[in-house]
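A short worksheet on the structure shown next.
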Amino acid sequence: MSLFSGWRAAFRIARRDAVRAKGRSALVVAMIALPVLGVTAADLTYRSALPTVAEDLTADLGAADALFIDQGMGPVRLEQMPDGVLWGTPEDAPDTLPEDERKPVDVPATFPKGSRYLTEQSLPASVTTRHGITDTQITELAVADPLLRGRVELTEGAYPKAKDEIAATEAFLKAAGLSVGDRVTVRGPEQAYTLTGALELPADLKSESLFAVPGAVIAPWQKAADGDKEILPPQAGDRKWLVQGPSGAGVTWSDVLAANEKGVVVRARQVVLDPPPDSEVPMAAQMGRWETNDAEMTAAALTVAAMAVLEIVLLAGPAFAVGARRSRRQLGLVGSCGGTRGQVRAVVLAGGAVLGGVGAVVGVGAGFGLTALFRPMIEDFTGRRFGELTVHPWEILAIAVLGLVTGVLAALAPAIVAGRQSVLESLTGRRGSRRSSRVLPVVGSLVLAGGVALAVYGGVSGNINLVAGGSVLAELGLLCCIPVIVGFLGRLGRRLPLTPRIALRDAARNRGRTAPAVAAVMAAVAGSVAIATYTSSNAAEQAYDHEPNLPAGTAVVMAFDTSQKANLSRAWAAVEQNYPVNGGRVDIGRVWAGSDCSVYYDEEEGGCGTIGLVKPTGEGHSCPLKGKGAKELALRISADEHKRLMNSPACVDERWTMVSLGTDDSKIVIGDAGLLTSYVKLDDPAAAKALAAGTPVLLNPAYAENGEVTLKAVHTYSERDKENRALHPGKARTTTDRLKVYVAPDRYATTPGIRMILPQRTAVELGLHTEDHAGVYTLSREPNDAERQAADAAIEQSGNRAYVMTANEAEPDDDAAVLLILALFAGVVTLGAAAITTGLSKADAEADLTTLSAVGAPPGVRRSLSGFQCLVVALTGVLLGTLAGIVPAVAVRLTDLRAALADMRADPMESAYTPIVMPWETIALLALVVPVLAGLLAAALTSSRQKLARRAG
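If you use my numbering, the sequence shown corresponds to residues 3 to 955, in order.
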């Protein structure tokens, strides 16, 4: 038989076997198709979502040929790169004139002859909404013009054409609760407009903005401001020009250079798409060359691809082993008819090729279909429309070939095992015994130890390549040790009940099918735990570095001008009626000496007073991380010691202090016991009693010495402050008072905006001035857009003399979603691997189950045995994967720690806090929920009926 004929027969047998065993074939196809689907969808999404140069130009220019921008330098020569983004003045250019001496530039005069253009100008504005008012951006641009197609698209209604019409983006309409046909009023000039249409910016779907025709907003607003000094003039941005060049010519590089001579920078479509040679670009000599080294990225991509292939092989390999076991009689017949061992192996490998090819085709097709189906959802998530579904044929072909090769590799080990079986064993169904390798575990242990050491060394030395290489080696070493670990499991079942004991011993006795499944679970869980650990650690670091302006769950209403008491009361009422307030208001007052700096501040005259606490020196008062000896100390301390010092009362105010309650740097406020419980969160009767008795409460103990603080005040009165100046004639005077204080525990030193609470009567006794300044509210939750807009509108109606501030929470991120996705991925792999192993166990253990039934075991034993077999694989793989995943995560965090320590030793006030936080929720889900779920599903899906067995021979 020729080689071609032999393989043709092997493929024919493999195809018929795949059709006959539809369930197993579908399982293998799914195992191969799912990764192919994911990679195909990821490739299509990445290539489509990543804007091309042409798509970027459309986002900036629409259908225009160029964008002309006056850079405000005056009519002086500029140089630019062809992309129109990088620009500057020539090296031999004279010094730039002051802004008020620069001459205007006649930008339209720089356009090519025969050009048509549109103007664009934006400004910030406050507008009315259905709920109240909100801040947004209004752009004067003729969006109805065909030059804007591709940049601005109409989704509902009509484009604005008259000067009393305006259009809004869909994101703005959603946030404002408005729809087409409603009226919008621009606050200030009180100009009203009709919403004629809903727009979409394909390059920025989340933009909340308004569009009007040129001359509809800025000019009327400026005219109203000129006639009424109470109206602030519009703060319009620089004007831009969208230009369509002469028909058939466009805007060329020579046109760009001519515009540069007049001080105008141009982003021209045909210049960006077909840039001139460097010899024609004057600025190119200054820029040099940007070179990128993609070696690390290529190595990372190859590592990920190799681990993905290994994962599929480990998952699909046992499934092919199931098929080989169930087809051993058929393979024995091939041998009895004169087939060689190579031809037996060819049958199994052909099965891998057939199912791998089907899986690749199904995966690629499903990847295309799902990407097209979920395209709108992906676009909404990324905030950008795809210009088109970008397909790179060679990448898709490589992904499909990877699926085919993976199928063949997954069938390789079962093919070798099938080729080694004798014809007699195959025909009779008997299984030979083969000793496990004693060398492999030793090699695996050495590789594991070496990999861990290499990863840790890479982390300490800051070499991320060593970290990646060591992590992969450690995981491969652990893979080699899995057969021994599985064999050890059999010894753990001596004192367990019947079914778990049989499950453990069966797993140990059949390591060939148990070890790959455990390895597949371990690999998936290791990757998920590694990423989850790094993500959790990074989130903890960001939370530590975050500087809140207010305590969480707090809102503060502060006055711009407290001279109008009624307006402040109305602002408080607006918040109480619209915000989710929990409890009553607590008042905060401000305190000052001399003339009020918020009214009479004059840098030249110094016509206002100052007040502040004098910080003692010495241990416990002076921050050791600042000043003389700080860098020497930073070289000796660890990151934990540095964190302790940074959080000490002596240092919390040295790096940066949050002034958020309208006070100066003294952070002294007027308040009572209510402020302690609602804002400071200090529930101490002794502190409340001290305030009631006129004793200040000090939140930062570093300013106290022997229970007292030194309050220094400079009473300077401005000549413009005639009333107070008459009461306090003469030169400025300085007072220094020692005050008994209640010293709060150290942890309250970080309270945002407050260093000391001074009772009203004590301030008066010290000759200081006070006034009500703000109201504090405790919130049950964060207010939504509608509540904020309603409160802002009510405050606007009260005279707009106050504003509302809520806690500036840390920047929102997707850490929780990332952790959930990782847990789901690892959980699905765990369930799949456990299901495969359970199926193989059922195929192998029919004789044992028949024996159990013969000796009187109840039917439920089959269910419970399947459940425990599944549980053993899942739990073992998860535990090993958790240990394997910690290694790369810790090593990478060590590299971050090394960099943080270097920054801290250069500047001792820089944070070196680099925590390692375990994602216990994710680990608990994987270690407890997923294995139990796998066991329950296996038990539920296993039939308790005993099939009639045929006697062998």
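We treat Cβ as the ideally placed atom computed from N, Cα and C, and that holds for glycine.
Mapping the DSSP letters down to three states, classify residue i as helix, strand or coil.
{"i": "Met758", "result": "strand"}
{"i": "Gly730", "result": "The question names Gly, but residue 730 in the sequence shown is His. His730 falls in the coil class under three-state DSSP."}
{"i": "Ile401", "result": "helix"}
{"i": "Tyr805", "result": "strand"}
{"i": "His644", "result": "helix"}
{"i": "Val78", "result": "coil"}
{"i": "Arg735", "result": "strand"}
{"i": "Tyr779", "result": "strand"}
{"i": "Lys742", "result": "strand"}
{"i": "Glu155", "result": "strand"}
{"i": "Glu912", "result": "coil"}
{"i": "Ala169", "result": "strand"}
{"i": "Leu615", "result": "strand"}
{"i": "Leu927", "result": "helix"}
{"i": "Thr294", "result": "Bear in mind that a pLDDT of 43 at Thr294, under 50, signals an unreliable position, so the model cannot answer this."}
{"i": "Glu283", "result": "Before going further, note that residue 283 is Val rather than Glu in the sequence given. Coil at Val283, not helix or strand."}
{"i": "Ala65", "result": "coil"}
{"i": "Ser700", "result": "Looking at the sequence provided, one finds Leu at residue 700 rather than Ser. Leu700: strand per DSSP, three-state reduction."}
{"i": "Val577", "result": "helix"}
{"i": "Ala302", "result": "Because the pLDDT at Ala302 is just 47, under 50, the model does not fix this residue reliably, and the value given afterwards should be weighed accordingly. It is helical."}
{"i": "Leu663", "result": "coil"}
{"i": "Leu411", "result": "helix"}
{"i": "Glu997", "result": "The requested residue 997 does not occur in the structure, where the chain is confined to residues 3 to 955."}
What does residue i pair with, by DSSP beta-bridge criteria?
{"i": "Phe1", "result": "Within the shown structure, residues of the chain are numbered from 3 to 955, placing residue 1 beyond reach of any answer."}
{"i": "His394", "result": "None; His394 has no bridge partner."}
{"i": "Arg22", "result": "Beta-bridge pairing links Arg22 to no other residue."}
{"i": "Arg185", "result": "Thr196"}
{"i": "Glu989", "result": "The question about residue 989 has no answer here: the residues shown for the chain are numbered 3 through 955."}
{"i": "His771", "result": "Trp594"}
{"i": "Val588", "result": "Val778"}
{"i": "His717", "result": "Arg735"}
For the alpha helix (DSSP H) that residue i lies in, which residues bound it at each end?
{"i": "Gly596", "result": "From DSSP, Gly596 is part of no alpha helix (DSSP H); its letter is neither H nor E."}
{"i": "Arg638", "result": "632–638"}
{"i": "Thr501", "result": "500–511"}
{"i": "Asp794", "result": "787–799"}
{"i": "Leu175", "result": "172–178"}
{"i": "Ile380", "result": "377–384"}
{"i": "Ile918", "result": "Careful: Ile918 lies outside any alpha helix (DSSP H) and carries neither H nor E."}
{"i": "Gly229", "result": "220–229"}
{"i": "Ala261", "result": "255–263"}
{"i": "Ala459", "result": "The identity of residue 459 in the sequence shown is Tyr, whereas the question assumes Ala. From DSSP, the alpha helix (DSSP H) with Tyr459 extends over 441–463."}
{"i": "Ser624", "result": "Neither: Ser624 is in no alpha helix (DSSP H) and is coded neither H nor E."}
{"i": "Lys467", "result": "The sequence shown places Asn at residue 467, rather than the Lys named in the question. 466–491 is the span of the alpha helix (DSSP H), which, as asked, contains Asn467."}
{"i": "Leu938", "result": "932–942"}
Could you check where the beta strand (DSSP E) with residue i kicks off and where it finishes?
{"i": "Gln871", "result": "Unbroken run through Gln871 is the alpha helix (DSSP H), 862–908; no beta strand (DSSP E)."}
{"i": "Gln123", "result": "118–130"}
{"i": "Thr556", "result": "556–561"}
{"i": "Leu214", "result": "It should be noted that the sequence gives Ala, not Leu, for residue 214. Note, Ala214: beta strand (DSSP E), 211–214."}
{"i": "Ile140", "result": "135–142"}
{"i": "Val671", "result": "670–672"}
What is the C-beta distance between residue i and residue j, in whole angstroms, given that I count them as a contact (C-beta under 8 Å)?
{"i": "Val410", "j": "Ala20", "result": "No, Val410 and Ala20 are not in contact; Cβ-Cβ is about 14 Å, not under 8 Å."}
{"i": "Gly86", "j": "Val268", "result": "6 Å"}
{"i": "Ala788", "j": "Gly179", "result": "6 Å"}
{"i": "Thr679", "j": "Tyr744", "result": "Going by Cβ atoms, the distance from Thr679 to Tyr744 rounds to 15 Å, so no, they are not a contact pair."}
{"i": "Ile135", "j": "Gln791", "result": "6 Å"}
{"i": "Val919", "j": "Ala457", "result": "So it is not a contact: roughly 19 Å between Cβ atoms."}
{"i": "Ala561", "j": "Arg803", "result": "6 Å"}
Against chain D, with Cβ distances strictly below 9 Å, would residue i count as a contact?
{"i": "Ala170", "result": "The displayed structure is made up of one protein chain only, and chain D is not part of it."}
Does the ligand ADP have even one heavy atom less than 8 Å from the beta-carbon of residue i?
{"i": "Pro921", "result": "Inclusion of the ligand ADP in the displayed structure is not the case, the ligand content being empty and no account of it being possible."}
Within the chosen definition, does the stretch 746–763 reach the stretch 570–581 through at least 3 CB pairs nearer than 8 Å? Flag = no, the stretch 746–763 and the stretch 570–581 do not touch.
Pairing CB atoms from the stretch 240–249 with CB atoms from the stretch 189–204, are three or more of them under 8 Å? Because the criterion of three Cβ pairs below 8 Å is not met, the stretch 240–249 and the stretch 189–204 do not touch.
At least 3 beta-carbon pairs within less than 8 Å: the stretch 583–594 vs the stretch 764–777: Yes, the stretch 583–594 is in contact with the stretch 764–777.
Are there three or more Cβ pairs, one per stretch, closer than 8 Å when the stretch 57–64 is compared with the stretch 250–268? In short, these stretches do not touch, since the Cβ pair count stays below three.
Pair every Cβ in the stretch 524–533 with every Cβ in the stretch 874–892, then say whether three or more of these pairs are closer than 8 Å. Under the three-pair Cβ rule at 8 Å, the stretch 524–533 counts as touching the stretch 874–892.
Decide yes or no for the touch test of the stretch 443–451 against the stretch 859–873: beta carbon pairs closer than 8 Å, at least 3 of them. No, because fewer than three Cβ pairs between the stretch 443–451 and the stretch 859–873 fall closer than 8 Å, the two stretches do not touch.
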